[in-house]
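With positions in the sequence shown counted from 1, the corresponding number in my numbering is that position plus 1.
Don't be surprised by glycine CBs; every beta carbon is placed ideally from N, CA and C.
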Amino acid sequence: MNFLTPLAFVLAALLPIIVALYFLKLRRTEQRVSSTYLWRTLVRDTAANAPWQKLKPNLLLLLQLLFLLVLIVALARPFLWSEQVASSHLILVLDTSASMGATDVSPNRLSSAVTQARRLIENVAAGARVTVIDAGASVRVPVSGTTDKGAAFGALDALRAGLSDTDLASALTLAGAMAANEPDAQVVILSDGHVTLPENFALTARTQFIPIGSGRNNQALGAFTLSSDASGKTLTAFVQVVNNGEQASTRRLVLRDETGALVAARDVNLAPSQAQSFTFPDLKTDTAYRAQLEGADQLALDDSAWAVAPSREKIQVRVVTTGNRFLETALALLPNVELTTIKPDELSLSPTLPLSITQSLASSLTIYDSVIPTATLSSGNLFFIAPPRATEFFSVTGQIQAPQPIVVSADDPVARYVDLRDVAIQDATRLELPKWGRAVWVDRTSGAPLLVVGEENGDASSRTPRNPSNMRDDASGRRIGILAFDVRHSDLPLRVAFPLLLANVLDALAPGGASGIATTVEPGHALALTVKPETTSVIVRAPDGTNHTLTPKQGRVAFDRTAQLGVYEIFVQDRAGKTEPSARFAVNALNADESDITPRANLTIRGATGATNVELPRARNEWWMPLAWIALGLLIVEWLVAYRGQVTQVIRKASNVRRQT
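In structure tokens:
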């Protein structure tokens, strides 16, 4: 127990004074006597008034001492430390990303976070308001500013760990806005800390971070893809297994088809922080496949994945260049790419990029390698490499010497698997970020964009790596990319990252070949579909058998109900009512950031007035008020005992008056 005003205990000196006054006070009762014979008795009473003879039980003395003792303790303002936010508005931000499903704490991280959040609410100050923010792939506020603890508990119990990462930055921005006009508000973050906040992220509210989690024993599938051979008769599966733990691990990798039949199996021995890759050739093309790691770890979500066969239609890619062996060779090695190379002076003589009747405008791609034509740009999707001047799509403001590329967001699919460490670049074109695009790479020093992708007529303000396409009904459908430097002026073509980068760029600018459909989508992400003009409706069948019907607008639809893991089937229906299967795609929870479940002890948030630490927030829980009421009750009882005779007479007189009336 602690006291805010311990000086009040000085008043305890009054206790012996009360006892002394009790000893010294003579208690003689006046009475009439018929004879002085009784004087001897009175003398003996005088002797009995000696102090050492008066240590007899006395109810009034006991009540007075108890009253003063309780009053002194109340004036000292006793309190106990409790796990409580000393604020009028408690804002709880709970991370519900995939990594919060890890079982390194029982039963899992999210349940542990909910338990701690419940304890905070239970000990919150009387009358304080509570807000619960669900920081998942999208931000939700199930309860806002409630004083009903039951409602807050219900919101916490309804939280579930998601299938992808967390948008914690947006959640904290929302929390900061709620607390902006409340100086006494407190923001409490409950997370494993494995999140990516923007550089110099600022939050002005008082902030507390409670880290969740203790282990990092997790193995995951880093990648699972299918590619067809030149004949298109067989498939080859590529599987990458990653050990994110601190100890060596032995798991069994199993490959099955969609009927559950075993296709292949491998024993995988992984050292700490090691990755291994496996290929399974000569697979049938008429089925989907599932890769699975057998055995247990602390996060089961990333132990399995699905893959479907890629489109057999080839992506028509035309490269306008004066000669770039690195670029041409890398593109020629990519599957499903039909490459055409022409020189700039032949551009005006070149016919329009050939498209089959089943191909759409969104499937063609023209790459301008250090060239900008004087004539009209080609139709279809465009990719500019080291543009020498501005175009209608972007502005050029100069040159950058020796830029150092860094990734803006690790979640961006264009940056996936591309290792930029120690990449040397001689120079680059300085660009202004166009309103339609998002920056994938930027220069570490100047912040200028080095790699930009987007969609013509799109709005970058609502486009994120989580939903890169940001489909709009009025958009033209043309996708555009810009690489600000000439690959020949760097060592990027000498790295494994170069073909991976080109593959990612092609997936972003011409996804899925002729059908315009990517074969793999992350949970919760939108999928852009381009269909034939005669298509009247698109039906997407989810893994659980649920059908979702979409109506194309200008030959395009967007599908974002990808919350289930597994294989989705797409059917198209024409004006005659004929329904045919069109394509398939898989939704997998393969996220390198979420698979690395190592918890962080701290979050760095600039501008936060409360330092982040690993302890639960504590507050003083004072309880002088109950003591004050007890003291008042003792005082009333003492008065009633002292004047019980008079009180009895008053009550008796009042009773007689009532009878007479």
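Whole-Å CB distance - residue i paired with residue j, under 8 angstroms assumed
| i | j | result |
| --- | --- | --- |
| residue 252 | residue 264 | Contact flag wrong, Cβ pair sits at about 17 angstroms. |
| residue 90 | residue 9 | Between residue 9 and residue 90 the Cβ distance is about 32 angstroms, and since that is not below 8 angstroms, they are no contact. |
| residue 507 | residue 236 | That belief does not hold up - the Cβ atoms of residue 507 and residue 236 are roughly 19 angstroms apart, past 8 angstroms. |
| residue 544 | residue 573 | Actually they do not touch by this definition, with Cβ atoms about 19 angstroms apart. |
| residue 7 | residue 625 | In fact, because the Cβ distance is near 13 angstroms, the residues do not count as touching under 8 angstroms. |
| residue 299 | residue 244 | With 8 angstroms as the limit, residue 299 and residue 244 do not qualify as a contact, their Cβ atoms being about 12 angstroms apart. |
| residue 435 | residue 394 | 6 angstroms |
| residue 392 | residue 373 | 6 angstroms |
Continuous beta strand (DSSP E) stretch holding residue i: start and end
| i | result |
| --- | --- |
| residue 540 | 536-542 |
| residue 282 | 276-284 |
| residue 321 | 316-321 |
| residue 293 | 290-295 |
| residue 531 | 528-531 |
Limits of the alpha helix (DSSP H) - the one that residue i falls within
| i | result |
| --- | --- |
| residue 637 | 625-643 |
| residue 96 | Run containing residue 96: none in the alpha helix (DSSP H); it sits in the beta strand (DSSP E), 90-96. |
| residue 213 | That residue, residue 213, is in no alpha helix (DSSP H); it is neither H nor E in DSSP. |
| residue 565 | Here residue 565 belongs to no alpha helix (DSSP H), and DSSP marks it neither H nor E. |
| residue 65 | 60-76 |
| residue 509 | 498-510 |
Assigned secondary structure, residue i (DSSP; H/G/I helix, E/B strand, else coil)
| i | result |
| --- | --- |
| residue 107 | coil |
| residue 383 | strand |
| residue 647 | helix |
| residue 11 | helix |
| residue 135 | strand |
| residue 154 | helix |
| residue 327 | helix |
| residue 572 | strand |
| residue 591 | coil |
| residue 79 | strand |
| residue 554 | strand |
| residue 370 | strand |
| residue 121 | helix |
| residue 1 | There is no way to answer for residue 1, as the model of the chain reaches only from 2 to 662. |
| residue 376 | coil |
| residue 477 | Any reading at residue 477 must be qualified, since the residue scores a pLDDT of 46, below 50, and its modelled position is unreliable; the value itself is stated next. Of the three classes helix, strand and coil, the one that applies to residue 477 here is coil, per DSSP. |
| residue 335 | coil |
| residue 102 | helix |
| residue 392 | coil |
| residue 559 | strand |
| residue 489 | helix |
| residue 583 | strand |
| residue 126 | coil |
| residue 17 | helix |
| residue 548 | strand |
| residue 5 | coil |
| residue 678 | The structure shown does not extend to residue 678, since the chain is modelled only from 2 through 662, so no value can be given for it. |
| residue 305 | strand |
| residue 621 | strand |
| residue 652 | helix |
| residue 341 | strand |
| residue 660 | helix |
| residue 116 | helix |
| residue 300 | coil |
| residue 22 | helix |
| residue 484 | strand |
Residue i CB to nearest heavy atom of the ligand SAM below 7 angstroms
| i | result |
| --- | --- |
| residue 367 | As presented, the structure is devoid of all ligands, the ligand SAM included, so that no description of it is given. |
Contact between the segment 149-160 and the segment 174-191 is defined here as three or more beta-carbon pairs at a separation below 8 angstroms; is this criterion met? no
Contained beta strand (DSSP E) runs [length at least 3] in the segment 395-464, N- to C-terminal order: 396-402, 406-408, 428-433, 438-444, 450-456
Inter-stretch contact (C-beta, 8 angstroms, three-pair minimum) for the segment 135-154 and the segment 118-127: yes
Quick one: complete beta strand (DSSP E) runs, 3+ long, within the segment 204-268? 207-212, 220-229, 236-244, 250-258
Given 8 angstroms as the limit, is there contact between the segment 70-82 and the segment 134-142, that is, 3 or more CB pairs closer than that? no
Would you check if the segment 239-251 and the segment 219-227 touch, i.e. whether three or more CB-CB distances between them fall below 8 angstroms? yes
Touching by the beta-carbon criterion (3+ pairs, under 8 angstroms), the segment 563-583 and the segment 195-213: no
Identify every run of the alpha helix (DSSP H) within the segment 148-203, keeping only runs that are complete inside it and at least 4 residues long; order them along the chain. 150-158, 169-180
Contact the segment 336-346 vs the segment 313-327: 3+ CB pairs below 8 angstroms: yes
Per the contact definition of three or more C-beta pairs closer than 8 angstroms, is the segment 529-539 in contact with the segment 587-594? no
Do the segment 105-115 and the segment 209-222 make contact, defined as three or more Cβ pairs closer than 8 angstroms? yes
Can we say the segment 284-301 touches the segment 442-461, given the rule of at least three CB pairs closer than 8 angstroms? no
Would you call the segment 388-401 and the segment 168-185 in contact, with 3 or more CB pairs under 8 angstroms? no
Across the segment 412-426 and the segment 482-501, are there enough close Cβ pairs to call them in contact, namely three or more that are closer than 8 angstroms? yes
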